[in-house]
Amino acid sequence: MLLPFVAAAVLISLAGTAGAQIPQSNKFWWPDQLDLSPLRAHAAESNPYGKDFDYAKEFSTLDLKQVKKDIEKVLTTSQDWWPADYGHYGPLIIRMAWHSAGTYRTLDGRGGADGGQQRFDPLNSWPDNANLDKARRLLWPVKQKYGRKLSWADLMVLAGNVALESMGFKTIGFAGGRIDEWEPDKVYWGPEQKMLDDKRYSGERNLAKPLAAVQMGLIYVNPEGPNGKPDPLAAAKDIRETFGRMAMNDEETVALIAGGHTFGKAHGAHDPNKCLGPEPAAASVELQGLGWENRCGKGNAGDTITSGLEGAWTANPIQWTTQYLDNLFRFEWVQTKSPAGAIQWVPANNQASNLVPDAHDPKKRHAPIMFTTDLALKFDPSYRQIALRFKENPEEFRLAFAKAWFKLTHRDLGPRSRYLGSEVPAEEFLWQDPLPKADHALIDAKDIAQLKSKILASGLTVPELVRTAWASAASFRASDMRGGANGARIRLAPMKDWEANNPAQLARVIQKLEAIQQEFNRSQKGGKKVSLADLIVLGGSAAVEKAAKDAGFNTAVPFTPGRVDATQEQTDVQSFAVLEPTADGFRNYYRKDHFLPPAEALVDRANQLRLTVPEMTVLVGGLRALDANAGGSKHGVLTSRPGVLTNDFFVNLLDMSTKWNKSASQEGVYEGRDRKTNELKWTATTVDLIFGSNSELRAIAEVYAASDAKEKFVRDFVAAWAKVMELDRFDLRRPAGAAGSTRSTD
109 MLLPFVAAAV LISLAGTAGA QIPQSNKFWW PDQLDLSPLR AHAAESNPYG KDFDYAKEFS
169 TLDLKQVKKD IEKVLTTSQD WWPADYGHYG PLIIRMAWHS AGTYRTLDGR GGADGGQQRF
229 DPLNSWPDNA NLDKARRLLW PVKQKYGRKL SWADLMVLAG NVALESMGFK TIGFAGGRID
289 EWEPDKVYWG PEQKMLDDKR YSGERNLAKP LAAVQMGLIY VNPEGPNGKP DPLAAAKDIR
349 ETFGRMAMND EETVALIAGG HTFGKAHGAH DPNKCLGPEP AAASVELQGL GWENRCGKGN
409 AGDTITSGLE GAWTANPIQW TTQYLDNLFR FEWVQTKSPA GAIQWVPANN QASNLVPDAH
469 DPKKRHAPIM FTTDLALKFD PSYRQIALRF KENPEEFRLA FAKAWFKLTH RDLGPRSRYL
529 GSEVPAEEFL WQDPLPKADH ALIDAKDIAQ LKSKILASGL TVPELVRTAW ASAASFRASD
589 MRGGANGARI RLAPMKDWEA NNPAQLARVI QKLEAIQQEF NRSQKGGKKV SLADLIVLGG
649 SAAVEKAAKD AGFNTAVPFT PGRVDATQEQ TDVQSFAVLE PTADGFRNYY RKDHFLPPAE
709 ALVDRANQLR LTVPEMTVLV GGLRALDANA GGSKHGVLTS RPGVLTNDFF VNLLDMSTKW
769 NKSASQEGVY EGRDRKTNEL KWTATTVDLI FGSNSELRAI AEVYAASDAK EKFVRDFVAA
829 WAKVMELDRF DLRRPAGAAG STRSTD
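All you need for my numbering is the position in the sequence shown, starting with 1, plus 108.
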């Protein structure tokens with residue numbers, strides 16, 4: 109009776125090695141085909157907790173103090189299968205938390221701790237994340253205990269805080285609210301096809317946008333120096349570029365490096381090429397998701413191999429001290445190699461050769477080490493000045509590291525209104541894009557109707573109002589929850605001067621809307637006011653309703669007041685500069701310095717706006733009909749009735765009486781001519797034509813071009829428009845326990 113089961117087992121085993129019959133994607137056959145999969149990722153159906161799962165509500169039931177006690181117990185209980193260095197897992201857990209958050213980059217807001225992406229390929233198998241699979245396995249009992257109440261994304265960051273606190277450091281707080289994702293993000297990590305390759309630079313070491321790390325598979329920089337060259341000053345340039353693209357200035361960078369390297373050690377006991385098995389993504393099934401199996405010595409403890417560098421920076425690697433900075437400036441450092449062959453530095457003349465205890469053998473002592481990137485803090489003039497100041501002022505150093513650590517681990521979580529828990533710091537930081545609290549009564553339905561009438565009677569056109577509202581709201585990016593209409597920052601530097609926002613026209617629109625705002629607010633009693641942020645969105649809504657009515661359909665655009673107006677002092681010009689669009693296909697705007705081709709840039713923008721493929725499609729068609737292009741360009745405005753919400757874009761795009769050819773005079777522009785007369789009818793861009801060229805987009809375009817689709821088109825456009833207008837309205841769905849929350853979850 110056992111034979112059939114044995115045979116089945118053999119067949120299953122053979123099936124895994126005989127070449128499975130896996131269908132090829134269309135990208136396999138046509139590599140240049142537009143990829144729409146980012147707009148279909150992270151579907152609610154992928155969440156095993158279900159689409160109605162309310163993580164904030166679950167998190168609010170946690171006893172955070174008990175959770176931290178449970179984590180600390182894990183940190184101080186060494187396991188035979190992966191013994192703790194110095195009897196404490198704190199340094200390993202700090203590295204895990206750091207690397208979870210450290211993928212964040214400012215240029216597109218992607219990466220970071222939110223989502224718990226370190227659990228998935230490729231991040232879980234990056235060389236720089238070697239052995240962090242063990243860190244997460246150590247924390248599994250805590251995750252298992254609290255289940256749905258504590259996401260992996262929150263647990264990794266919280267565990268990093270507990271690790272610091274358990275080793276004598278005082279953090280400034282912790283905010284929960286990171287929601288686990290269930291599949292890898294579709295993120296461009298670089299052009300390389302091999303880990304640790306470097307093909308992302310051009311010219312004089314110009315790092316390609318939007319990347320931040322220097323090599324594929326690294327979180328930050330090469331610790332041995334650029335491409336392994338042990339040059340501290342060259343390393344300083346890489347550090348400044350990379351940390352800068354991760355939102356850190358020089359002071360924050362020094363604090364993070366010096367603070368982080370106060371703890372723990374590097375691991376390079378043997379040659380990894382001779383000892384290590386494959387990373388988790390390539391490891392055999394019996395290893396159950398663990399990678400880097402070590403065949404040398406014990407395979408762990410004193411034989412551990414991670415970065416290939418070997419040693420600790422301080423004499424007490426599990427205690428917060430200033431020893432890192434003391435040692436950095438106390439000793440002259442000479443180049444040497446680790447047992448694994450990696451370049452590192454030790455004190456000259458065998459100084460301090462017995463300063464550092466061994467992590468596992470009490471009979472052994474070692475010299476402290478430094479990386480080439482550590483020495484950058486000593487030799488780069490700016491870094492040196494900051495490091496010396498920190499060395500002489502330990503409390504300033506502690507506070508700088510505490511603030512930089514909080515920023516590192518919370519930068520991609522978004523505004524404070526998303527923060528959960530009892531340990532949220534009271535202090536607001538400029539990098540959080542703070543907003544004032546609404547301290548007045550809000551407008552009601554009667555006021556909204558009155559204000560719409562005044563806006564439409566002001567002389568502002570439908571295209572002007574639509575462009576302004578779109579420019580304001582569509583500055584949002586879901587990757588780090590920044591931008592959006594709330595705050596009316598479109599009237600402030602730097603947004604008011606962005607080319608895509610038509611600065612001259614924008615100034616006129618804002619001036620008229622401000623006049624309406626002031627007149628309304630002066631006339632009210634009882635403290636009722638309308639914010640400019642609300643008025644900008646309301647103006648767009650009024651314009652869309654008028655355009656729909658002109659097309660023959662009465663519709664109401666959903667609108668909820670409650671936005672506030674930020675001040676220039678609450679707006680970091682340099683920080684907001686990275687939000688400037690160099691491509692916005694919804695407005696047919698594209699600059700040659702954008703890092704993606706036009707159609708791919710449209711999908712990327714739609715992804716940042718959390719749009720589905722149909723929503724992206726209907727918005728492009730509607731915005732073209734509304735004549736909402738940046739700069740008033742007529743490319744893609746395939747209608748004889750601009751400013752009217754019709755489905756003309758799709759009807760005329762799919763009209764076979766038009767033949768399209770590249771323009772001989774304008775790069776990136778196409779001319780649509782009558783097939784019989786050759787008369788010029790339209791001009792368009794790649795972004796426009798992709799809706800007729802790409803088979804998937806054409807299928808949706810055909811829906812909206814149908815004779816019976818006029819009303820559906822208007823209805824779908826209004827729904828998608830309202831969605832974009834409220835992407836940053838975290839106040840409407842503020843969870844119980846959120847910072848500043850005064851009401852329960854909706």
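Glycine included, C-beta positions come from ideal geometry on N, C-alpha and C.
Burial of Asp824 is indicated by the presence of at least 16 other C-beta atoms within 10 angstroms of its C-beta. Between the alpha carbons of Leu463 and Glu440 lies a gap of roughly 15 Å. Per the DSSP secondary-structure output, Thr430 pairs with nothing in a beta bridge. For Trp453, the pairing in a beta bridge is given by DSSP as Gln443, Met478. Pro146 carries a helical assignment under DSSP once its states are collapsed to helix, strand and coil.
Annotation for Asn769: no alpha helix (DSSP H) segment contains it, though the beta strand (DSSP E) segment containing it runs 766 to 770. With contacts defined by Cβ atoms closer than 8 Å, Leu247 and Leu170 do not form a contacting pair. In the DSSP assignment, Arg590 forms a beta bridge with Arg585. About 4 Å separates the Cβ atoms of Ala593 and Ala581, confirming a contact at the 8 Å cut-off. Rounded to the nearest whole angstrom, the C-alpha separation of Gly268 and Glu180 is 10 Å. The beta carbon of Pro331 lies closer than 7 Å to those of Ser415, Leu417, Phe479, Thr480, Thr481 in the same chain, with the five residues before and after it left out.
Tyr698 is not a Cβ neighbour of Ala714, given a cutoff of 8 Å.
In the three-state scheme derived from DSSP, where H, G and I count as helix and E and B as strand, Leu263 is classed as helix. Contact between Gly284 and Asp262 holds: their C-beta atoms lie close to 5 Å from each other, under 8 Å. At the C-beta level, Asp178 and Gly224 stay beyond 8 Å of one another. DSSP lists Pro465 as the bridge partner or partners of Arg473. The continuous beta strand (DSSP E) containing Trp790 extends over residues 788 to 793. In the structure shown, the three-state DSSP call for Trp539 is helix. Three or more pairs of CB atoms, one per stretch, sit closer than 8 Å, so the stretch 311 to 326 contacts the stretch 349 to 368. Contact annotation: the stretch 388 to 406 does not touch the stretch 363 to 376, with fewer than three C-beta pairs closer than 8 Å.
Residue environment analysis places Arg630 among the exposed positions, since fewer than 16 neighbouring C-beta atoms fall within 10 angstroms of its C-beta.
Rounded to the nearest angstrom, the gap between the Cα atoms of Pro334 and Glu627 is 60 Å.
One alpha carbon belongs to Ile426, the other to Arg473, and they sit about 16 Å apart. Note that the C-beta distance between Leu640 and Asp605 is not below 8 Å. Bridge partners of Trp606 according to DSSP: none are assigned. Following the DSSP letters along the chain, one finds Asp680 in no alpha helix (DSSP H), marked with neither H nor E. Secondary structure note for Val652: it is in no beta strand (DSSP E), and the uninterrupted alpha helix (DSSP H) holding it is 640 to 658. Per DSSP, the unbroken beta strand (DSSP E) holding Asp782 starts and ends at 777 to 782. Here Ser765 has Asp782, Arg783 as same chain residues with Cβ atoms under 7 Å from its own Cβ, once five neighbours each way along the sequence are excluded.
In its chain, beyond the 5 residues on either side, Val322, Val329, Pro334 have a beta carbon closer than 6 Å to the beta carbon of Asp346. Gly158 is classed as exposed because its beta carbon has fewer than 16 other beta carbons within 10 Å across all chains shown. In this structure, Gly647 and Thr576 form a Cβ contact; the two beta carbons are roughly 7 Å apart against a cut-off of 8 Å. For the pair Gly210 and Met354, the CB atoms are nearer than the 8 Å cut-off. Secondary structure at Gln187: strand, using DSSP grouped into helix, strand and coil.
Residue pairing from DSSP leaves Gly223 without any beta-bridge partner. Lys337 and Lys382 have their C-alpha atoms some 23 Å from each other.
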